[in-house]
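Only one structure is covered here, and it is reproduced in the block below.
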Amino acid sequence: MGQSLHEKEIATQSKADILLREFWLKEVFLRWEWWLLLALTIIPWIIWWKYIDRRRLFEILTYGFLVMTVSSFFDAIGVEFDLWDYKYQLVPLFDIFITYDMSIMPVIYMAIYQKFDKWKSFIIANTIVAAIFAFISEPLLVWLDFYLLLKWKYIYSFPIYIAIAIVLKWVMVCLKKYSLKP
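So the sequence shown is numbered by our numbering: it starts at -8 and just counts up by one.
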């Protein structure tokens, strides 16, 4: 009796995981790309801690954790469906780009959330950041060989970056409104 499809999938995934860890240890860990990822993961949080409005710490962190969650979820979907991939990772455990999903994006989004209370200025600021992410950061990451576009175009990312910011601000407004009700 042969292996079930599920057993074959597990065996194939196991081989892929072994190859990924081997590649990471030989080609990524402690090379300049890895050090850059480490710095870009830690430094934004140090800067953020210096400038965060501590009176609104819980609110701003909640927004940031929502950004991390949604960004990581979308990133995992994109990698899973072979829309894009990442050559260099901080750790070889997740298919998401930890540096971007857990540091750069949430820290920048939290800074905008903290600074721009009004919807209009919030949307304008996030549109500018979305343009920078989609049309400057992503091409730079491709050029550096960190980010590999498989079935994706930069223009697709632009509205998603904006939507994440706006939808999550709306969620925060609703949460704050609901939590203030007696």
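Here a beta-carbon is modelled for each residue, glycine too, at the ideal position from N, C-alpha and C.
If we count the other Cβ atoms within 10 Å of its Cβ and call it buried at 16 or more, is residue i buried or exposed?
i	result
PRO150	exposed
ASP8	exposed
GLN80	buried
THR3	exposed
LEU(-7)	Going by the sequence as given, residue -7 is Gly instead of Leu. With fewer than 16 other Cβ atoms within 10 Å, it is exposed.
ILE51	buried
Measuring alpha carbon to alpha carbon, tell me which of the options ends up nearest residue i.
i	options	result
ALA67	LYS78, LEU52 and ASP86	ASP86
LEU11	LYS78, MET93, THR32 and ASP44	LYS78
LEU74	LEU141, ALA154, LYS6 and LYS(-1)	LEU141
TYR145	PHE126, PHE137 and ILE155	PHE126
Classify residue i as helix, strand or coil using the three-state DSSP reduction.
i	result
TRP143	coil
ASP44	coil
TYR138	strand
TYR79	coil
LEU84	coil
LEU74	coil
ASP8	helix
PRO29	For clarity, residue 29 is Leu in the given sequence; the question names Pro instead. LEU29 falls in the helix class under three-state DSSP.
GLN105	helix
LEU21	coil
PHE94	For the sequence presented, residue 94 should be read as Ser rather than Phe. Helix.
Task: Contact between the segment 45 to 64 and the segment 151 to 170 (3+ Cβ pairs under 8 Å) - done: yes
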